[in-house]
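Counted from 1, the sequence shown has number 912 at position 82 by my numbering; the numbering is strictly sequential.
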Amino acid sequence: MPLLSDHRDGPRDECGVFGIYGPDHDVARLAYFALFALQHRGQESAGIATAARDGNIMAIRDQGLVAQVFDEHTLRSLLGDMAIGHVRYSTTGSSEWQNAQPVVRDDSRTLALAHNGNLINAVELYGELRHQEVPFASTSDSEIIAALLARHEARGIEDAVADIVPRLRGAFSTVVMTDEAVVAFRDPHGLRPLALGMIEQEDGRASYCVASESCAFDLIGARYLREVQPGEMITLTENGFRSRIIGGDQRRAFCVFEYIYFARPDSRMGGTVLQVARAKMGEILWREAPVEADVVIPVPDSGNPAARGLARAAGLPQDDGFIKNRYVARTFIQPGQELRKHGLRLKFNPLPEVVEGKRLVVVDDSIVRGNTTRQIVQMLREAGAAEIHLRISAPPIKHPCHYGIDMSTREEMIAHGRSVEEVAAELGADSLHYLSLGGVYEAIGGSRDEHCDACFSGEYPLKGTESANGKHALEAELPLVRA
Ligand code: SF4
831 MPLLSDHRDG PRDECGVFGI YGPDHDVARL AYFALFALQH RGQESAGIAT
881 AARDGNIMAI RDQGLVAQVF DEHTLRSLLG DMAIGHVRYS TTGSSEWQNA
931 QPVVRDDSRT LALAHNGNLI NAVELYGELR HQEVPFASTS DSEIIAALLA
981 RHEARGIEDA VADIVPRLRG AFSTVVMTDE AVVAFRDPHG LRPLALGMIE
1031 QEDGRASYCV ASESCAFDLI GARYLREVQP GEMITLTENG FRSRIIGGDQ
1081 RRAFCVFEYI YFARPDSRMG GTVLQVARAK MGEILWREAP VEADVVIPVP
1131 DSGNPAARGL ARAAGLPQDD GFIKNRYVAR TFIQPGQELR KHGLRLKFNP
1181 LPEVVEGKRL VVVDDSIVRG NTTRQIVQML REAGAAEIHL RISAPPIKHP
1231 CHYGIDMSTR EEMIAHGRSV EEVAAELGAD SLHYLSLGGV YEAIGGSRDE
1281 HCDACFSGEY PLKGTESANG KHALEAELPL VRA
């Protein structure tokens, strides 16, 4: 999905992180390409920090895509034995330069930190640190984690991480780098992904790295080893890596939406390559709601894998109902209804020759507000479609995410307070079926008690989630911080 699914009106991807300890490599370049592979997880800013053992930390970060932020010259200036990197879509704090990551702090220890997720107790921790007159340069909750670690009195970074993790509530797949090591840790619920990889050298030595998704490893010639476990801290060293469980035994709650939409289809999660899981979702979607039709049309590119699975199960031909202009910049870089509308028309051109007079099964992965889907239905009607049957490979989204995904408010969600039939009527479709939650779990081969599906079910796996403040919570506190 994500690299090319920018027609959407949400949800927005969160962030992507990468870390490597590799004295034998050009670590900045590896970080650059890893971030390039993770670009779908965040397009607002990108950054890389490097460090030499017992040397300084250097960091370059800015707003924009990875390829816009870095060039040969800037990459060459980032020297060191280890590196961490980040791509960002803002989930806490607005899209400002100061909120780009890695965050660098220089308190009792100097460190750089990159974080994917969202703390639900950010305001509380922020208030506590403010009370101690800790200065902040950004309005992102990631800097709270960085400040807690940079000010911690423990001698080693690993002990500092182990000590602060019980104080953090929410989602955090994090990489932190000092002049000694790169340490990666994942929240005890395992809400957001984090994987461990290895680069083997010809002389038999190996370097280790971590990334939000395994697709980053493929691009830099690393081998996927395993997932970083929920509540696990992994320290990358010159001798390999060491692991320590720091999170206690808590209910697992991996984001089920990663399987449906966020992660790249060539990434591997929970033992499954997502492309395969998504095709299975399409098959089940057809089983749940077959319909008399002539052709299956995916909404490119996010609907492609599920459409393939559905077409296979249905024994129907699949065709491109739209041609997509791949050179249009991501529409959501400039939010706003009007711009999005124009962006969509720039991006998709329906093919009357394919759709005219046909009964279409139109497949997409999710609907949030419905604006985009409504326009797609309208375009297909104008192109002469006889019937439009929408099949969505996710259940209706009715609740906001507080764990690192930026969604609309409840009231903006088209499925909130509406029956499926009412949503179909709103969208102008002849029929609509959403994949059931049971169908999602069947497709991924997992169970509800190990995942989060709160945006569909409203059952938040962490207590007190709903009282958590929104994306700009820390900005509300900002006058105090900058006073
Ligand atoms: S609420 Fe939805 S998007 Fe957020 S972590 Fe849970 S399943 Fe994922």
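Backbone N, C-alpha and C fix where the C-beta goes; we use that ideal spot for every residue, glycine too.
Check: residue i C-beta below 7 Å from any heavy atom of the ligand SF4
i	result
residue 1322	The chain is shown only over 831 to 1313; residue 1322 falls outside these bounds and no answer can be derived.
residue 1038	no
residue 1282	yes
residue 1231	yes
residue 1086	yes
residue 1235	yes
residue 1265	no
residue 1285	yes
residue 1021	yes
Beta carbon of residue i nearer than 8 Å to that of residue j
i	j	result
residue 1046	residue 868	yes
residue 861	residue 915	yes
residue 983	residue 1065	no
residue 1084	residue 1281	yes
residue 1262	residue 1283	no
residue 1012	residue 850	yes
residue 1099	residue 1091	no
residue 856	residue 1031	no
residue 1206	residue 1126	no
residue 934	residue 858	no
residue 986	residue 1038	no
residue 1142	residue 1113	yes
residue 1093	residue 1135	no
Neighbour-count burial assignment, residue i, 16 or more Cβ in a 10 Å radius
i	result
residue 906	exposed
residue 1075	exposed
residue 931	buried
residue 897	exposed
residue 848	buried
residue 961	exposed
residue 1077	buried
residue 1197	buried
residue 1072	exposed
residue 1062	buried
residue 1014	buried
residue 1153	exposed
residue 1147	exposed
residue 1155	exposed
residue 952	buried
residue 946	buried
residue 911	buried
residue 1053	exposed
residue 830	This structure does not reach residue 830, given that the chain is present from 831 up to 1313, and the question cannot be answered.
residue 1296	exposed
For residue i, the three-state DSSP class (helix, strand or coil)
i	result
residue 1206	helix
residue 1293	coil
residue 1282	strand
residue 1067	strand
residue 877	strand
residue 904	helix
residue 931	coil
residue 998	coil
residue 1264	strand
residue 951	coil
residue 1030	strand
residue 1148	strand
residue 1108	helix
residue 1052	coil
residue 815	Outside the displayed range of the chain (831 to 1313) lies residue 815, so it cannot be described from this structure.
residue 1269	helix
residue 1197	coil
residue 1190	strand
residue 1223	coil
residue 1074	strand
residue 1062	strand
residue 918	strand
residue 1228	coil
CB contact below 8 Å: residue i versus chain D
i	result
residue 990	Annotation note: the requested chain D is absent from the structure, which comprises a single protein chain.
Are there three or more Cβ pairs, one per stretch, closer than 8 Å when the segment 1250-1261 is compared with the segment 1280-1290? With fewer than three CB-CB distances shorter than 8 Å, the segment 1250-1261 does not count as touching the segment 1280-1290.
Using 8 Å as the cut-off, can you tell me whether the segment 968-983 makes contact with the segment 993-1010, which would need three or more C-beta pairs spanning the two stretches below that distance? yes
Below 8 Å, how does it come out for the segment 1227-1246 and the segment 1046-1065: are there three or more Cβ pairs, yes or no? When Cβ pairs closer than 8 Å are counted between the two stretches, the segment 1227-1246 is seen not to touch the segment 1046-1065, the count staying below three.
Counting Cβ pairs, one atom from each stretch, are 3 or more of them under 8 Å apart for the segment 875-895 and the segment 1018-1036? Contact between the segment 875-895 and the segment 1018-1036 is absent, because fewer than three Cβ pairs lie under 8 Å.
Are at least three pairs of beta-carbons, each pair with one atom in the segment 1025-1036 and one in the segment 967-975, less than 8 Å apart? no
Are three or more beta carbon pairs between the segment 1175-1195 and the segment 1218-1237 nearer than 8 Å? yes
Tell me whether the segment 998-1006 and the segment 1199-1217 touch, counting them as touching only if at least three CB pairs, one residue from each stretch, are closer than 8 Å. no
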